[in-house]
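**Student:** Following this message is one structure expressed as structure tokens.
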Amino acid sequence: MMRLDKFLCETGFGTRSQVKSLLKKGLVQVNGETVKRPEQKVEETKDQVVCGDREAVYAPFLYLMLHKPAGVVSATEDARERTVLDLLEPKDRRDVFPVGRLDKDTEGLLLLTSDGELAHRLLSPKKHVDKIYYARVAGQVTPKEAEQFREGLEIGEKEPTLPAELEIVESGEISEVLVTIQEGKFHQVKRMFEAVGCRVIYLKRLCMGSLSLDETLQAGAYRQLTDEEIQALKDLTGLVSESSGRRN
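Residue 15 is where the sequence shown starts when you use this note's numbering, and the numbers rise one by one after that.
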């Protein structure tokens, strides 16, 4: 059970003060009856709540695709740096956290969710979830380096990296490449290129498993995942879902 005003806030109808104003105006109905008391309790998944002409639909988890810009850190809080949660509207910050991390200066796809089980599965090396990056690299990248990536590289860890795919888009003084890895070690892509004598000067994550960055999202913008995107991630990781988990 949840207070009606809190329920309306969490289903996207505004701040607590905005929701109370809607209630005072008689715009909210619970199971067909107009309700003005913000403290009234509702059953999140059973009661029908309508505000104006839109039904409030509650789901336990939130799934967001963020086009992470450079200059923010992949954390829920930081005493000195701006975090990815600072890019979200207050209503979308409830219990969400980044699934994995992108370096402060790395851009691209970042999934934020409150679904801990899905996050765990996506990050587990046992699930072999591909992560695809576009990189610009100082140094000429050749098939030799691609073979080294496939064999695994020593980057200062106890174990070499898992085999990775390196696709050369353009080779030259500044090379352009696509890199596919299944791990998420600290600064992994950068350290892999350092191990073969190159230096990453720009890095952007394009894909994580079945999820691809929506290129219509400007850096710093985000949107909810579609039901199809959520289900594809759950299918990929073997997570059975009883509902889509979207929240309005």
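All C-beta atoms, glycine included, are put in the ideal place defined by N, C-alpha and C.
How big is the Cα-Cα spacing for Leu76 and Glu187?
**Tutor:** For the purposes of this step, residue 76 is taken as the residue at position 62 of the sequence shown. For the purposes of this step, residue 187 is taken as the residue at position 173 of the sequence shown. About 43 angstroms.
**Student:** In the structure shown, what three-state DSSP assignment does Lys20 receive?
**Tutor:** Numbered from its first residue, the sequence shown carries residue 20 at position 6. If DSSP states are grouped into helix, strand and coil, Lys20 belongs with the helices.
**Student:** Specify the secondary structure class of Gly114 as computed by DSSP and reduced to three states.
**Tutor:** The residue you call residue 114 lines up with position 100 of the sequence shown. In this structure, Gly114 counts as coil in the three-state DSSP scheme.
**Student:** I want to know whether the region 237 to 248 touches the region 149 to 160 - three or more CB-CB distances under 8 angstroms.
**Tutor:** No, the region 237 to 248 is not in contact with the region 149 to 160.
**Student:** Could you check what DSSP says for Lys218 in three-state terms: helix, strand or coil?
**Tutor:** Locating residue 218 in the sequence shown gives position 204, where the first residue counts as 1. If DSSP states are grouped into helix, strand and coil, Lys218 belongs with the strands.
**Student:** For Asp67, is the classification buried or exposed, using 16 other Cβ atoms within 10 angstroms of its Cβ as the cut-off for buried?
**Tutor:** Reading the sequence shown from its first residue, position 53 is the one you call residue 67. Exposed, by the Cβ-count rule.
**Student:** Excluding five sequence neighbours on each side, which residues of the same chain lie with their C-beta closer than 8 angstroms to the C-beta of Gln202?
**Tutor:** Here residue 202 refers to the residue found at position 188 of the sequence shown. Around Gln202: Ile169, Thr175, Ile195.
**Student:** Would you say Val143 and Val191 are within 9 angstroms of each other, going by their C-beta atoms?
**Tutor:** For the purposes of this step, residue 143 is identified with residue 129 of the sequence shown, where counting begins at 1. For the purposes of this step, residue 191 is identified with residue 177 of the sequence shown, where counting begins at 1. No, the pair does not count as a contact, with Cβ atoms beyond the cut-off.
**Student:** Could you tell me which residues DSSP puts in a beta bridge with Lys55?
**Tutor:** Taking the sequence shown and counting its residues from 1, the one referred to as residue 55 is at position 41. Partner(s): Arg17.
**Student:** Going straight from the alpha carbon of Glu184 to that of Leu217, what length do you get?
**Tutor:** Numbered from 1 along the sequence shown, position 170 holds the residue referred to as residue 184. Numbered from 1 along the sequence shown, position 203 holds the residue referred to as residue 217. Computed Cα separation, rounded: 15 angstroms.
**Student:** Any contact of the region 82 to 96 with the region 39 to 50, i.e. 3+ C-beta pairs under 8 angstroms?
**Tutor:** As far as the Cβ criterion goes, the region 82 to 96 does not touch the region 39 to 50, which means the pair count is below three.
**Student:** How many angstroms separate the CA atom of Gly46 from the CA atom of Gln62?
**Tutor:** Here residue 46 refers to the residue found at position 32 of the sequence shown. Here residue 62 refers to the residue found at position 48 of the sequence shown. About 8 angstroms.
**Student:** Grouping DSSP H, G and I as helix and E and B as strand, with all else coil, what is Val49?
**Tutor:** In the sequence shown, the residue the question calls residue 49 occupies position 35. Coil.
**Student:** Applying the criterion that 16 or more other CB atoms from any shown protein chain within 10 Å of the CB defines a buried residue, is Asp109 buried or exposed?
**Tutor:** Here the question's residue 109 lines up with position 95 in the sequence shown. So Asp109 ends up on the exposed side.
**Student:** Tell me whether His81 sits in a helix, a strand or coil according to DSSP, three-state version.
**Tutor:** As a position in the sequence shown, residue 81 is number 67, starting the count at 1. Reduced to three states, the DSSP call for His81 is strand.
**Student:** Just reading off the beta strand (DSSP E) that Glu179 is part of, what are its end residues?
**Tutor:** On the sequence shown, residue 179 is found 165 positions in, with the first residue counted as 1. 179 to 184 is the span of the beta strand (DSSP E), which, as asked, contains Glu179.
**Student:** Please state the DSSP three-state secondary structure of Leu99.
**Tutor:** Within the sequence shown, numbered from 1, the residue matching residue 99 stands at position 85. DSSP places Leu99 in helix when its eight states are reduced to three.
**Student:** Here's a check: name, in chain order, each residue in its chain whose Cβ is nearer than 8 angstroms to the Cβ of Glu95, leaving out the five neighbours to either side.
**Tutor:** The count along the sequence shown starts at 1 and reaches residue 95 at position 81. Contacts found: Val86, Val87, Ala89, Lys118.
**Student:** To the nearest angstrom, how far is it from the Cα of Arg261 to the Cα of Gly122?
**Tutor:** Numbered from 1 along the sequence shown, position 247 holds the residue referred to as residue 261. Numbered from 1 along the sequence shown, position 108 holds the residue referred to as residue 122. Unreliable positioning characterises Arg261 in this predicted model, as indicated by a pLDDT of 47, which lies under 50. A coordinate reading is not provided.
**Student:** By DSSP, does Gly252 sit in helix, in strand, or in coil?
**Tutor:** Start at 1 with the first residue of the sequence shown, and residue 252 comes out as number 238. The answer is coil: DSSP assigns Gly252 none of H, G, I, E or B.
**Student:** Report, in whole angstroms, the separation of the C-beta atoms of Thr25 and Val71, which I expect to be a contact under 8 angstroms.
**Tutor:** Mapped onto the sequence shown, residue 25 falls at position 11. Mapped onto the sequence shown, residue 71 falls at position 57. Going by Cβ atoms, the distance from Thr25 to Val71 rounds to 6 angstroms, so yes, they are a contact pair.
**Student:** Can you pull the DSSP bridge partners for Ser189?
**Tutor:** Position 175 of the sequence shown, counted from the start, is the residue given in the question as residue 189. Answer is Val151.
**Student:** On the criterion of 16 or more Cβ atoms from any shown chain inside 10 Å, does Leu18 qualify as buried, or is it exposed?
**Tutor:** Reading the sequence shown from its first residue, position 4 is the one you call residue 18. The residue is buried, with at least 16 neighbouring Cβ atoms inside 10 Å.
**Student:** Can you grab the Cα-Cα spacing for the pair Leu250 / Leu225, in whole Å?
**Tutor:** Stepping through the sequence shown from its first residue, residue 250 is reached at position 236. Stepping through the sequence shown from its first residue, residue 225 is reached at position 211. Approximately 10 angstroms between the Cα atoms of the pair.
**Student:** Is Ser224 helix, strand or coil by DSSP?
**Tutor:** Here residue 224 is taken as the residue at index 210 of the sequence shown, counted from 1. The answer is coil: DSSP assigns Ser224 none of H, G, I, E or B.
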